[in-house]
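Residue numbers (the numbering used here), protein chains in the order written: chain A, 1 to 111; chain B, 1 to 115. Glycine residues also receive a C-beta, built at the ideal position from the N, C-alpha and C atoms.
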Amino acid sequence: KNQVEQSPQSLIILEGKNCTLQCNYTVSPFSNLRWYKQDTGRGPVSLTIMTFSENTKSNGRYTATLDADTKQSSLHITASQLSDSASYICVVSGGLGKIIFGKGTRLHILP
Amino acid sequence: KAGVTQTPRYLIKTRGQQVTLSCSPISGHRSVSWYQQTPGQGLQFLFEYFSETQRNKGNFPGRFSGRQFSNSRSEMNVSTLELGDSALYLCASSFVEGKSYNEQFFGPGTRLTVL
Numbered sequence: 001k002n003q004v005e006q007s008p009q010s011l012i013i014l015e016g017k018n019c020t021l022q023c024n025y026t027v028s029p030f031s032n033l034r035w036y037k038q039d040t041g042r043g044p045v046s047l048t049i050m051t052f053s054e055n056t057k058s059n060g061r062y063t064a065t066l067d068a069d070t071k072q073s074s075l076h077i078t079a080s081q082l083s084d085s086a087s088y089i090c091v092v093s094g095g096l097g098k099i100i101f102g103k104g105t106r107l108h109i110l111p
Numbered sequence: 001k002a003g004v005t006q007t008p009r010y011l012i013k014t015r016g017q018q019v020t021l022s023c024s025p026i027s028g029h030r031s032v033s034w035y036q037q038t039p040g041q042g043l044q045f046l047f048e049y050f051s052e053t054q055r056n057k058g059n060f061p062g063r064f065s066g067r068q069f070s071n072s073r074s075e076m077n078v079s080t081l082e083l084g085d086s087a088l089y090l091c092a093s094s095f096v097e098g099k100s101y102n103e104q105f106f107g108p109g110t111r112l113t114v115l
C-alpha cells in the first residue's frame with residue numbers, strides 16, 4: 001500500500017534552535033518527493049522537490065535530504081524563527097500521476 | 001503572475017444542500033487538482049483536470065464532482081452535503097499534466113462548514 005508517514009506529529013522548540021522532521025514512504029514506483037509549508041488558514045507552499053538522484057536540497061534555512069534506498073526523507077530547519085510555526089507536509093509522487101500526502105508535522109516555535 | 005485564486009474563501013451550508021467552489025489557476029497552467037483537507041485525514045486528493053478532461057480521481061463518493069472550462073478555470077460541486085464534508089478545500093494548479101515532476105501551486109482554499 002502506498003503510504004507516507006511523518007513524524008513527529010507535532011513539535012515544540014524554542015526560537016533559534018534547530019529541528020528535523022521525518023518522512024518515511026512506501027510509494028512505488030517513486031518519482032519525486034516534496035516538502036510543503038502550510039501556514040494556518042493558507043494553502044501549502046512548496047519548499048523543496050527532489051528526484052530519485054538527488055539526496056539533498058536546500059532552500060534558505062530549510063534543508064531536505066532523501067535516501068531512496070531506505071525510502072526516508074528529512075527536513076532540517078536551522079536557526080528557527082517564529083515565522084517557521086506551521087505545518088510541514090511531505091508529498092511523494094509515484095507513477096501515473098499518483099500523489100500521496102503525509103498528514104504533516106505541526107511545528108510550534110516559542111519565543 | 002497572479003497566484004491561484006479560490007472563491008469563496010468561506011462558506012456555511014446546511015446538511016442536504018449543495019455547494020459549488022471555484023478555482024482560477026495561474027495563467028498558463030492547464031492542470032488543476034482539488035484536495036480536501038481535514039485535521040484527522042490531512043490532504044486527500046479529489047480529482048485532477050487537464051484540458052477540460054478529468055485525468056485522475058481519488059476515492060470520494062459521486063456526490064463530489066468537478067469540471068474545467070476552456071480557460072482552465074475549474075469548479076467543484078458537492079451535492080447532498082453531510083456534516084463530514086466540513087473541510088478546507090484546496091485547489092492546486094500546475095503547468096504540465098501527467099509529468100510528476102511538476103510543481104503544484106496551491107490556492108488559499110475554501111473553508112466549508114456544514115451545519
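Sequence-ordered contacts of the region 40-70 of chain A with chain B read G41, R42, G43, P44, V45, S46, I49, T51 [C-beta pairs closer than 9 angstroms]. When only Cα atoms are considered, L82 (chain A) and A87 (chain B) end up about 26 angstroms apart.
Going by C-alpha positions, A2 (chain B) is about 7 angstroms away from S27 (chain B).
Annotated three-state conformation of D69 (chain A) is coil, per DSSP.
Interface annotation, K1 (chain A): not in contact with chain B, CB-CB separation never under 8 angstroms. Contact of P61 (chain B) with chain A by beta-carbon distance below 7 angstroms is absent, the smallest such distance being about 20 angstroms. Under the criterion of beta carbons closer than 8 angstroms, Q3 (chain A) and R106 (chain A) do not qualify as touching, at roughly 19 angstroms. Nearest to C91 (chain B) by C-alpha distance, out of A:L110, A:V45, A:S7, is A:V45.
The three-state secondary structure of S83 (chain A), taken from DSSP, is helix. A distance below 8 angstroms separates the beta carbons of S93 (chain B) and S31 (chain B).
Restricting attention to A:V92, A:K37, A:I100, A:N24, the CA atom closest to the CA of K57 (chain B) is found in A:I100. With distances taken between CA atoms, G84 (chain B) lies nearest to B:R15 out of B:S33, B:R9, B:R15. Linking N55 (chain A) to I49 (chain A) through their CA atoms gives a straight-line distance of about 11 angstroms.
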